[in-house]
Each structure stands twice: as C-alpha cells, then as structure tokens.
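According to this note's numbering, the stretch in the sequence shown is residues 16 to 365, in order. Glycine included, C-beta positions come from ideal geometry on N, C-alpha and C. Source: prediction; values computed, not measured. A short write-up of the structure that comes next.
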Amino acid sequence: MGGRGDMVVVRSEGLYCVPGDFYIDPWRPVARAIITHAHSDHARIGHAHYLTAQPGLGILRARLGDIAADGLAYGDAVEHNGVRISLHPAGHVLGSAQVRMEYRGEVWVASGDYKVEADATCVPFEPVRCHTFITESTFGLPIYRWVPQQEIYADINAWWARNAAQGRASVLLGYAFGKAQRMLSGLDAAQGPIVCHGAVEALNRVYRDAGVALPATRMVTDVARDELRRAIVLAPPSAAGSPWIRRFGEYSDAFASGWMLVRGARRRRGVDRGFVLSDHADWPGLMAAIKATGAGRIIVTHGSVPVMVRWLRQNGYDAGAFETEYGAEEEGADGESAAQTAGRQEGADA
Ligand SMILES: [Zn+2]
Ligand SMILES: [Zn+2]
16 MGGRGDMVVV RSEGLYCVPG DFYIDPWRPV ARAIITHAHS DHARIGHAHY
66 LTAQPGLGIL RARLGDIAAD GLAYGDAVEH NGVRISLHPA GHVLGSAQVR
116 MEYRGEVWVA SGDYKVEADA TCVPFEPVRC HTFITESTFG LPIYRWVPQQ
166 EIYADINAWW ARNAAQGRAS VLLGYAFGKA QRMLSGLDAA QGPIVCHGAV
216 EALNRVYRDA GVALPATRMV TDVARDELRR AIVLAPPSAA GSPWIRRFGE
266 YSDAFASGWM LVRGARRRRG VDRGFVLSDH ADWPGLMAAI KATGAGRIIV
316 THGSVPVMVR WLRQNGYDAG AFETEYGAEE EGADGESAAQ TAGRQEGADA
C-alpha cells in the first residue's frame, strides 16, 4: 500500500522515511538506519550508521559488534532533513522503541515490536499520539489473551519447587535476549540455584550494566552436582537436547512463549511443560495500543496481517499492510505454523 506523499513507504531495503531519507529496521544494508530493538530480524549487520534508544545501545553493540551507532534518550528529539525524530518506549525488550516522525505537522509512528503489560526488565510501553500508526501483529488473533505475568511466574516457581522436591533440575527454555531476563526477574531465588546458559548470561550482563536488577545467577561449572538437582536452568531453545543440557541428568523441561497457548505447540517443542509468556502484545493489547494512538490510519507489518487489516477496516480504520521481512526469528519464529493452527481452531470453534 502507499499513497502519494506518504511519509513512510516500503522499499526493497526496508521501511523508508521519504522526507527524512532514512530507514527503520531495514533488512538490507543502508546508509542510515533507525533500529527499534536488537532482535536480529529488526537489527541487521551492514548499515553505515545506526540510531537506537540509549538503553538499547549496549545490546546492539553486543550483538552486532563494532558499529557506528548513536543512542537517543527516550523522548529526546533529533532533526534529520526536516523530520523531527524521537524514540518512545515499546515495552518489548531492553531498549525497545517506537519511532515517532513529525514532518510539516504530520505525525507517523512505527511501533517495532511492543508489549503493553509493564515488566521489571524494560521501560513500559508508552502510547504516542499520531496520524498514522505502523503496528506489528505477531499475536493479532482474538484467541491470544495473556494472563497477568505474575500468575505465570507463580506457575514457573511452583513447577520448579515440585521438580526440586523430586530431586530433578528444571530446564526452562526461552529466547536468550528478552524472554530469558524477564523469566529470571520472576524467579524466586530462595528456592535454589539459578543456572544460566552462556548465551543467556552474556545478555544478563548487558541488562545488569544497563541498571536492570536481576536475581543472582551462576554458571553450571560453579554449582555442585547434588545442588544441580534443585536448580532451575535458563537456556535458549537451541540448547534443547544438547550435551550441555544432558549434564543435568534427569530433568524436567519447559518452554516459555506466547505460542504455548496454541494447542500442539508444546508437543511440537517436545517439552514437559509450556508457559504462556510473551514479549508481544496480545489481541486486547494490540487493540488498546492502536486506539490510544488516536490514529485514523493503521499499517500492519508482520504477524496476522490479513486478520488485523480486516478487523480494523470493519471498525472504521483506514487500514493496510506493509510487506516486511520481520518475524523470522525470536518469538516470531513459530508464527506461521502457529497462526495457521490457530486459524483452524478458530474455524472449528465457530
Ligand atoms: Zn522483537
Ligand atoms: Zn518483530
């Protein structure tokens, strides 16, 4: 989609701000990139210059290495080719931002990925008024409704306690950047040792350096063998079935993701338990966020695009879509198959 004079259009390199002559989360190398957050489908290597929210600068450097990057504090503005640019908290992961662009009195906001429930690991989502809102829709189906995270944390701690009482470790799988730190923030450290895989610990360090308080964690080599039997272990999904995991002997495993709400997702992952914990907005969250912008025009990027666009049009919005290359990893990874499954379930229930 795109009309004459649109401030942001989609090009083969990515979302492009026409008057500003810069890109937002481009998937091909460009001269100037604004990065909403450091998940790898949004933050790619090879751009000549990066601009990102100040709290996300450390993560961006940790993931992309020695890049030419500037950090911008939330709410501060810079002007580029007459476009006033500011970044506002998206509540998704540490340093995640929505990009506000103002040009000749018109305001566009690109959301990146966002979550509306506040958590302890990043600055909460903040609605930004605009004329046109470019939104993600990873969980853009009415079946996606999250329970409050405190209930999920309580479930995780109870599962851990049960396993520990039976003398086996609890292996909790989730994405190393964002999800792992959020789960960590909800663990009750009094229950036993918290062991982190190296990929998770590397990001814990960046979070702590950014001032985020997390429970104490240990490397597996620092924990005595009998202590491991009452430990909880945070590891990335890629560690499932690896020799690193097998050292825990008899253990129970679990996977944490919004997709765990979908029937069959836990079985496909081959784990004992699924915890429904997402760093994306659920359906009511998407609706509330869209409404709070006051925007009349909504452009949907990755996720359940056709469903969202149809719903928005039925509810009086000028809605369309941008074809992007987001959602290919992190929590978006299971997107296609899970959304299809969900669509079938919806049909069956109707
Ligand atoms: Zn993301
Ligand atoms: Zn995304």
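- Under DSSP, Arg-26 shares a beta bridge with Gly-29.
- Going down the chain, each residue whose beta-carbon is closer than 5 Å to a heavy atom of ligand 2 shows up: Asp-128 and Tyr-341.
- Here Phe-263 has Ala-184, Val-186, Leu-243 and Val-248 as same chain residues with Cβ atoms under 7 Å from its own Cβ, once five neighbours each way along the sequence are excluded.
- According to the DSSP assignment, Ile-167 belongs to the alpha helix (DSSP H) that extends over 164-180.
- Excluding five sequence positions before and after Trp-298, the CB atoms of its chain that fall closer than 7 Å to its own CB belong to Phe-154, Gly-155, Leu-156, Pro-157, Tyr-159 and Arg-160, given in chain order.
- Contact check for Ala-304 against Pro-44 fails: the beta carbons are separated by 8 Å or more.
- Secondary structure note for Glu-242: its alpha helix (DSSP H) is the uninterrupted segment 240-243.
- According to the DSSP assignment, Val-315 belongs to no alpha helix (DSSP H) but to the beta strand (DSSP E) extending over 312-318.
- Per DSSP, Gly-61 lies in no alpha helix (DSSP H) and is assigned neither H nor E.
- Between ligand 1 and the CB of His-103, the shortest heavy atom gap is not smaller than 7 Å.
- Sequence-distant Cβ neighbours of Phe-270 in its own chain, meaning closer than 6 Å and more than five residues away, are Leu-188, Arg-284, Val-286 and Gly-289.
- DSSP lists Ile-100 and Trp-123 as the bridge partner or partners of Met-116.
- Annotated three-state conformation of Glu-216 is helix, per DSSP.
- In this structure, DSSP gives Ile-260 a helical state, which the three-state scheme calls helix.
- Under the 8 Å Cβ criterion, the stretch 97-116 counts as touching the stretch 125-133, having at least three qualifying pairs.
- Taking a C-beta distance under 8 Å as the contact criterion, Val-98 and Gly-29 do not qualify as a contact pair.
- For Leu-188, the enclosing beta strand (DSSP E) has its first and last residue at 184-188.
- Here Ala-112 has Thr-51, His-52, Thr-67, Ala-68, Gly-71, Tyr-89, Leu-102, His-103, Pro-104, Ala-105 and Gly-127 as same chain residues with Cβ atoms under 8 Å from its own Cβ, once five neighbours each way along the sequence are excluded.
- When secondary structure is reduced to three states using DSSP, Leu-202 falls in the coil class, being assigned neither helix nor strand.
- Annotated three-state conformation of Arg-288 is strand, per DSSP.
- Distances from the alpha-carbon of Val-25 to those of Thr-316, Ser-272, Tyr-65 and Ala-334 put Thr-316 closest.
- Classified as exposed, Ser-55 has fewer than 16 neighbouring CB atoms from the shown chains inside 10 Å of its CB.
- Distance from the C-beta of His-317 to the nearest heavy atom of ligand 1 is not below 7 Å.
- Per DSSP, Thr-308 is not a residue of any beta strand (DSSP E); the alpha helix (DSSP H) it occupies stretches across 298-308.
- Taking the Cα positions, Gly-273 is about 10 Å away from Ala-296.
- The straight-line gap separating the alpha-carbon atoms of Leu-87 and Phe-337 is approximately 26 Å.
- Judged by their CB atoms, Ile-314 and Thr-147 are nearer to each other than the 8 Å cut-off.
- Shown here, Ile-158 sits in coil according to DSSP, grouped into three states, outside any helix or strand.
- When the beta-carbon positions are compared, Leu-301 and Thr-136 stay at least 8 Å from each other.
- In terms of Cβ geometry, Gln-196 and Asn-219 form a close pair [threshold 8 Å].
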